[in-house]
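Visitor: The working numbering runs 53 ahead of the 1-based position in the sequence shown.
Every residue, glycine too, gets a C-beta built ideally from N, C-alpha and C.
Bear in mind that the values here come from a model prediction, so they are computed numbers and not experimental data.
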Amino acid sequence: MLGFAKGYGLLLLSFLWAQEMYILNETVYIANQETLAVVGAPPGSLQVDGTGIIENDGGLVWLTGDWINSSSGDGFVTPRSGWLWLVGGYQRLFGPTPTFYNSLALFNNGGDLKEMIGADGRIQNFLVLNDCELRTNGQIMLVENPDPAAITR
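#1: Apart from the five residues just before and just after Leu195, which ones in its own chain have a Cβ nearer than 6 Å to its Cβ?
#2: Taking 8 Å as the cut-off, decide whether the C-beta atoms of Val91 and Leu116 are in contact.
#3: Among residues of its own chain, excluding the 5 on either side of Pro199, which ones have a beta-carbon nearer than 6 Å to its beta-carbon?
#4: Determine whether the beta carbon atoms of Glu186 and Leu157 lie at a separation below 8 Å.
#5: Can you tell which of Thr152, Ala84 and Glu79 has the C-alpha that lies nearest to the C-alpha of Gln177?
#6: Comparing alpha-carbon positions, which option in Val130, Gln86 and Asn85 lies nearest Val101?
#7: Identify every run of the beta strand (DSSP E) within the region 126-188, keeping only runs that are complete inside it and at least 3 residues long; order them along the chain.
#8: Are Gly103 and Asn78 close, meaning C-beta to C-beta below 8 Å?
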């Protein structure tokens with residue numbers, strides 16, 4: 054597990070691989086064409102808490118576990134052009150706080166389910182479903198990009 058404690062400031066990444074990641078009261082910055090990979094079997098989860106936030110400026114967050122937003126903010130700095138890729142089997146987008154994703158892509162191992170639990174979501178740029186099911190369970194996932202190609206399968 055990779056954890057961050059209060060008081061360390063800004064973390065700059067070029068490539069980071071972790072089995073689980075917990076961001077507490079910090080800013081994690083991912084620059085253009087850089088990758089943050091959180092891989093585990095299980096959990097492979099990424100949790101943002103307190104005043105923690107991810108500034109994904111053209112990079113990629115590659116996640117095999119759950120996205121958990123229990124922070125006091127949106128989870129991601131917007132507007133930005135970064136991506137969150139959900140590449141595991143069954144995965145959850147959950148927490149008590151709504152998340153504002155830059156762009157979200159769902160990948161699978163044969164039609165896997167991605168499920169929203171507990172909070173709404175907004176997507177600034179693109180939602181790529183591929184052949185996954187995004188089950189909202191009564192929550193709202195709003196894509197703010199007016200381009201008809203903003204949501205693809």
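Guide: The answer reads as follows:
#1: Arg175
#2: yes
#3: none
#4: no
#5: Residue Thr152 holds the alpha-carbon nearest to the alpha-carbon of Gln177 among Thr152, Ala84 and Glu79.
#6: Val130
#7: Those beta strand (DSSP E) runs which fall completely within the region 126-188 and span 3+ residues are 136-139, 144-147, 152-154, 157-159, 166-170, 174-176 and 186-188.
#8: yes
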